[in-house]
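Engineer: One structure, pasted below without further comment.
Number of protein chains: 2
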Amino acid sequence: MEFIIVSLVQNIDMKIVIIGAVAAGAKAAAKSKRLLPDAEVVIYTKEENISYSACGLPYYIEGNFEDADKLIVRTISDFESKGIKVFNKHEVTAIHPDKKEITVSNLVSGEKFVTSYDKLLIATGAVPYIPDIKNREIKGIYTLKTIDDGINIRNRMLSSKRAVILGGGYIGLELLEAFMQNGLSITLLERNHSIMNSFDEDMASLISAYILKNYGDKINIITSAEVVEFLGEESITGVKLANSHTINTEMTVICSGVTPVVNLARDAGIELGQSGAIKVNSRMLTNIPDIYAAGDCVEKINMISDTPMWIPLGSTANKEGRCAALNMCGTVDDFEGILGSAVTRFMDMTMSRTGLSSKVAESLGYDVVSAIVTKRDKAGYMPAVGYVILKILADRRSHKILGAQSIGSGDADKRINTLSTGLIRGMTVEELNDADMTYAPPYSTSIDPLIDAARILKDKLSCCTN
Amino acid sequence: MEFIIVSLVQNIDMKIVIIGAVAAGAKAAAKSKRLLPDAEVVIYTKEENISYSACGLPYYIEGNFEDADKLIVRTISDFESKGIKVFNKHEVTAIHPDKKEITVSNLVSGEKFVTSYDKLLIATGAVPYIPDIKNREIKGIYTLKTIDDGINIRNRMLSSKRAVILGGGYIGLELLEAFMQNGLSITLLERNHSIMNSFDEDMASLISAYILKNYGDKINIITSAEVVEFLGEESITGVKLANSHTINTEMTVICSGVTPVVNLARDAGIELGQSGAIKVNSRMLTNIPDIYAAGDCVEKINMISDTPMWIPLGSTANKEGRCAALNMCGTVDDFEGILGSAVTRFMDMTMSRTGLSSKVAESLGYDVVSAIVTKRDKAGYMPAVGYVILKILADRRSHKILGAQSIGSGDADKRINTLSTGLIRGMTVEELNDADMTYAPPYSTSIDPLIDAARILKDKLSCCTN
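Chains as they are written, first to last, in the numbering used here: chain W, 1 to 466; chain Y, 467 to 932.
Below, the structure is given as structure tokens:
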């Protein structure tokens, strides 16, 4: 619950400084200025753009829309018109907590200066993880983070016939669709046993099977692939694997995950969590007074296991940015944590998940029981019936639901979201069995796949307690 | 939790008799036979068909599929092949609890007989409510309950140019779409102030406005309409209102709601609830030992208010039938209640709701606070963006969410279902604000409308507690 403690902080001299402004930073700046119109709110960012939808980049590359500027949620002028000062192409190089100051470097002029803060928010985000591969510097090798990255990849794609994608996670699969829809032949290289590692292996292999069955003429997927060298003189011509196998290509995108940007925080004595991301309390405060952190650079609490976890997602960054702003401005607000709910698509297949995967749950000591249901997504006599494959995991001891994954041409995402609000309150299998979902023939089957899965789990759990 | 107490009931002489077999009865019969393969399971039904999807009838009438038999989930032969005895066109005319017998009348031969039961399930369902209107007996006036009704309405529709629908609830709107898609001009007459009465008036008027704005050339909606007479000699030619206004028509369907079939139960001394439907406990047991009831003839407990309510829905009937079967067969199972979650569509507009409406909540003594959010259903730069209008109601004292309604061309149904699992655990506004939903540009906005609504409610509630 929020309580406005106005007297403490409504100080016209208040200066809120925010480092980084993609999602968490941009949200925090706008919210802070709304809460305390007289405060000085200043943003520093290394990047050119602020407040953009990085999640939309693959769809821009695919050609779902033409103007990359559509990804900009709010421009620098939008912020400035609200009285927020924005310094783009400015890098904060040091934080001095004892003096409540930061050192800033103007990346264009090279000028350096020191400035003060009353409240500081670190929203430095995450950067693509770059595996140690030979010849990384040649042309035609990309990562995807900024709008410029998106424009560069799209331009290269439009003149290419072949591409290699390194990494079969969300962004990897989104680019796979984008490249395929633009006529390229693609090889997807995944260093792990299976793609889509946030899904259980059985679900991930169904995803692979779907892609290869329907688009195997254009797409090749190689798992357990270790890339050792990029080939080519000036520009990339191929990728070499550890087994000496070589794949010819005109471009490569490295989508091998991301890593939190924490060096600035760590150098200032800010504590990191066991995941390596910045540790904050539920009010987004670090171990140092008046220094907050939010977004992809921050460790989160998983609401199911109540353990720290680093799952960087735009939707979370947004909420954390808001929570940080409320607390910096003197309101008490708590961010309770995350489930790791996420969704993407490949062509007509939706892939959606929430909570813990089997592997993570087992590593945390849960005794995992699971049920998989394959079902139509609406009444069988209706036109355009899709299918949903749903897997739900529960804990044998507490009967609590631990997580779920759903894929299919039907509304797989609805099932995951339906479960998610129950999960934040520790829903059991028996409670899910009593869930009251909507039913009409164009929208679902009279018994939803979630209920079917709950019944299977209920039977599995009751037979073992007798 | 279920515990199989096998010793008590696995009696080969056990005879389970079920009256009615559309949803609850059919489910109970199949489940009972699976649980106790040696038991005698007998179904009596007045109707010709059993186990059919009544909810699919409007889509059959519309022409979404051609063969009405597709609505039959399981045929009588399917049941008989599992060893379940089915007596269709047989009416149970009396229950004799003291002797554990029933009197049955064969509607074809006229023969009457008495038979015994060990466990009896009343699943007599509901029938259309017929308002007291003059000339009800002339031809061309329909109600929609059975597959034959559906076939008759479709045939009449195919040779008609004009239709009048009495009642603007779910079935009324589904038939409105069906008739319009088949080229008819339709007048929808609603006796209340607004159509779709399970929605709040503000949401219902948005539904009306959408229909009239887009299809006003084919559809007329008259609210507060009191029909006093059907006009015509042998066949209907018009409908006369209390204000003497007359509407010409070639057919009329009465969709003025339904009423539970309870006469058989009442005559046997079975207690009815305050709603007029049969009162059962959470194990679907009536006040008389060994007599259970399930489905549309039964009163339910609303999980939000914990008060009895009669909301007949196929999805609920299915669950109650299963619960009744488990208990009749000696397993302990509890059905916790309902939220009244429901969905339908009119053309590209989805209408979905769960929990209490404002009117019902206020009548139960809640101090209702609400928030309405209108938002795109996915990132604005994506193709085929729809919209969602979402209204959430909360209780000012407890901050608990009481219900929600959502309409729009976007995925309004996902939002309602997402909320529904939270509602069964008494989710507060603050908890919804922390919900972790999936986000990707093709599926949602980075801040879901549910979160926006939660934030508005949170602000409204916090400003009033200070």
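Glycine included, C-beta positions come from ideal geometry on N, C-alpha and C.
1) Have a look at W/C55 and W/I372 and give me their C-alpha separation to the nearest angstrom.
2) Check whether the stretch 560-572 of chain Y touches the stretch 754-766 of chain Y, taking contact to mean three or more Cβ pairs, one atom from each stretch, closer than 8 angstroms.
3) Given Y/I588, which residues of its chain have a CB within under 6 angstroms of its CB, disregarding the five upstream and five downstream residues?
4) State the beta-bridge partners of W/Y129 as determined by DSSP.
5) Counting only beta-carbon separations shorter than 7 angstroms, does Y/A790 have a partner in chain W?
6) I'd like to check one pair, Y/G761 with Y/E943: are the Cβ atoms closer than 7 angstroms?
7) Using a Cβ-Cβ distance cut-off of 7 angstroms, determine whether W/F65 contacts chain Y.
8) Run the proximity test for W/I288: is its beta-carbon closer than 6 angstroms to any non-hydrogen atom belonging to the ligand ZN?
9) Would a C-beta distance cut-off of 7 angstroms place W/L144 and W/L57 closer than the cut-off?
10) For the alpha helix (DSSP H) containing W/M251, list its first residue and its last residue.
11) For W/D413, which residues in chain Y fall below 8 angstroms Cβ to Cβ?
12) Going by DSSP, what residues sit across from W/I50 in a beta bridge?
13) Is it buried or exposed for Y/P935, if we count other Cβ within 10 angstroms and need 16 for buried?
14) Express the C-alpha separation of W/L241 and W/K134 in angstroms, rounding to a whole number.
15) Is it buried or exposed for W/S363, if we count other Cβ within 10 angstroms and need 16 for buried?
16) Looking at the secondary structure, which residues open and close the beta strand (DSSP E) in which Y/A589 lies?
17) Should Y/T840 go down as buried or exposed, given a rule of 16 or more other Cβ atoms within 10 Å for buried?
18) Who are the near neighbours of Y/S625 in its chain, counting only those whose CB is closer than 7 angstroms to its CB and skipping five residues on each side?
19) Helix, strand or coil for Y/I527? Go by DSSP, reduced to three states.
20) I'd like to know whether the C-beta atoms of Y/S722 and Y/Y595 end up nearer to each other than 7 angstroms.
21) At a Cβ cut of 7 angstroms, what residues of the stretch 13-30 of chain W count as close to chain Y, listed as they run along the chain?
22) Below 8 angstroms on C-beta distance, what does Y/N883 contact in chain W?
23) Between the C-alpha atoms of Y/K512 and Y/S690, what's the straight-line distance to the nearest angstrom?
24) When you compare the CB of W/N197 with every CB in chain Y, is at least one pair closer than 7 angstroms?
25) What do you get for W/Q274, buried or exposed, if any count of 16 or more other CB atoms within 10 angstroms of its CB means buried?
26) Who pairs with Y/L562 in a beta bridge, going by DSSP?
27) In angstroms, rounded to a whole number, what distance separates the CA positions of W/M347 and W/N182?
28) Should Y/S674 be flagged as near chain W, meaning a C-beta pair shorter than 7 angstroms?
29) Using a C-beta cutoff of 7 angstroms, does W/I338 count as contacting chain Y?
30) Taking 7 angstroms as the CB-CB limit, is W/V343 close to chain Y?
31) Just verifying my parser: in three-state terms, what is the DSSP assignment at Y/S582?
32) Any beta carbon from chain Y within less than 7 angstroms of W/P383's own beta carbon?
33) Per DSSP, what kind of secondary structure is W/P260 in: helix, strand or coil?
34) Beta-carbon within less than 7 angstroms of W/R162's beta-carbon, same chain only, minus the 5 sequence neighbours each way: which residues are those?
35) For Y/K536, which residues in chain W fall below 8 angstroms Cβ to Cβ?
36) Return helix, strand or coil for Y/Y847, following the three-state DSSP convention.
Structural biologist: Result, derived from the coordinates:
1) If you number the first sequence from 1, residue 55 of chain W lands on position 55. If you number the first sequence from 1, residue 372 of chain W lands on position 372. In a straight line, the C-alpha of W/C55 is about 29 angstroms away from that of W/I372.
2) yes
3) Translated into positions along the second sequence, residue 588 of chain Y becomes position 122. Residues I485, A731 and A759 of the same chain have their beta carbon placed closer than 6 angstroms to that of Y/I588, with the five preceding and five following residues left out of the count.
4) Taking the first residue of the first sequence as 1, we reach residue 129 of chain W at position 129. Looking at the DSSP assignment, W/Y129 forms no beta bridge with any residue, so it has no partner.
5) Along the second sequence, read from residue 1 onward, the residue named residue 790 of chain Y stands at position 324. No, Y/A790 lies away from the interface with chain W (no Cβ there is under 7 angstroms from its Cβ).
6) The structure shown does not extend to residue 943 of chain Y, since chain Y spans only 467 to 932, so no value can be given for it.
7) Walking along the first sequence from the start, residue 65 of chain W turns up at place 65. Answer yes: the Cβ-Cβ gap between W/F65 and chain Y drops below 7 angstroms somewhere.
8) Ligands displayed in this structure: none; no statement on the ligand ZN is therefore possible.
9) Residue 144 of chain W sits at position 144 when you count from the first residue of the first sequence. Residue 57 of chain W sits at position 57 when you count from the first residue of the first sequence. For W/L144 and W/L57, yes; Cβs fall inside 7 angstroms.
10) On the first sequence, residue 251 of chain W is found 251 positions in, with the first residue counted as 1. Membership of W/M251 in any alpha helix (DSSP H) is not indicated, and neither H nor E is assigned to it by DSSP.
11) Sequence index remark: in the first sequence, residue 413 of chain W carries index 413 (1-based). Correct list: K880, T904 and Y909.
12) Position 50 of the first sequence, counted from the start, is the residue given in the question as residue 50 of chain W. According to DSSP, W/I50 bridges with nothing at all.
13) Summary: the structure shown does not reach residue 935 of chain Y, with chain Y confined to residues 467 through 932, and so no result is reported for it.
14) Reading the first sequence from its first residue, position 134 is the one you call residue 134 of chain W. Reading the first sequence from its first residue, position 241 is the one you call residue 241 of chain W. Rounded to the nearest angstrom, the two C-alpha atoms are 11 angstroms apart.
15) The sequence position of residue 363 of chain W within the first sequence is 363, counting from 1. Answer is exposed; the Cβ neighbour count stays below 16.
16) Here the question's residue 589 of chain Y lines up with position 123 in the second sequence. Note, Y/A589: premise wrong, no beta strand (DSSP E); not H, not E.
17) Numbered from its first residue, the second sequence carries residue 840 of chain Y at position 374. Exposed, by the Cβ-count rule.
18) Reading the second sequence from its first residue, position 159 is the one you call residue 625 of chain Y. The same chain holds no residue with a CB closer than 7 angstroms to that of Y/S625 once the five nearest residues on each side in sequence are set aside.
19) Numbered from its first residue, the second sequence carries residue 527 of chain Y at position 61. Residue state, collapsed to three classes: helix.
20) As a first step, residue 722 of chain Y is located in the second sequence; it is residue number 256 there, counting from the start. As a first step, residue 595 of chain Y is located in the second sequence; it is residue number 129 there, counting from the start. Yes, Cβ-Cβ distance for Y/S722 and Y/Y595 is below 7 angstroms.
21) none
22) Numbered from 1 along the second sequence, position 417 holds the residue referred to as residue 883 of chain Y. Those are K414, N417, T418, M437 and T438, listed as they occur along chain W.
23) Locating residue 512 of chain Y in the second sequence gives position 46, counting from the first residue. Locating residue 690 of chain Y in the second sequence gives position 224, counting from the first residue. Cα-Cα distance, rounded: 35 angstroms.
24) Along the first sequence, one-based indexing puts residue 197 of chain W at 197. Answer no: the Cβ-Cβ gap between W/N197 and chain Y never drops below 7 angstroms.
25) If you number the first sequence from 1, residue 274 of chain W lands on position 274. Result: exposed.
26) To locate residue 562 of chain Y, count along the second sequence from 1; it is residue 96. One detail in the question is off: residue 562 of chain Y reads as His in this sequence, not Leu. The partner list for Y/H562 (beta bridge, DSSP) reads Y/E567.
27) As a position in the first sequence, residue 347 of chain W is number 347, starting the count at 1. As a position in the first sequence, residue 182 of chain W is number 182, starting the count at 1. W/M347 and W/N182: Cα-Cα distance of roughly 13 angstroms.
28) For the purposes of this step, residue 674 of chain Y is identified with residue 208 of the second sequence, where counting begins at 1. Not one chain W Cβ lies under 7 angstroms of Y/S674.
29) Counting from 1 along the first sequence, the entry for residue 338 of chain W is found at position 338. With 7 angstroms as the cut-off, W/I338 counts as an interface residue toward chain Y.
30) Numbered from 1 along the first sequence, position 343 holds the residue referred to as residue 343 of chain W. Yes, contact with chain Y.
31) Position 116 of the second sequence holds residue 582 of chain Y. Three-state DSSP puts Y/S582 in a strand.
32) By 1-based counting over the first sequence, the position of residue 383 of chain W is 383. It does; some Cβ of chain Y falls within 7 angstroms.
33) As a working note, residue 260 of chain W is residue 260 in the first sequence. Three-state DSSP puts W/P260 in a strand.
34) The residue you call residue 162 of chain W lines up with position 162 of the first sequence. Cβ contact annotation for W/R162 (same chain, cutoff 7 angstroms, sequence separation greater than five): L184, S185, N248, T249 and E250, in chain order.
35) Working through the second sequence from its first residue, we reach residue 536 of chain Y at position 70. What Y/K536 touches in chain W: G380 and Y381.
36) In the second sequence, the residue the question calls residue 847 of chain Y occupies position 381. It is coil, neither helix nor strand.
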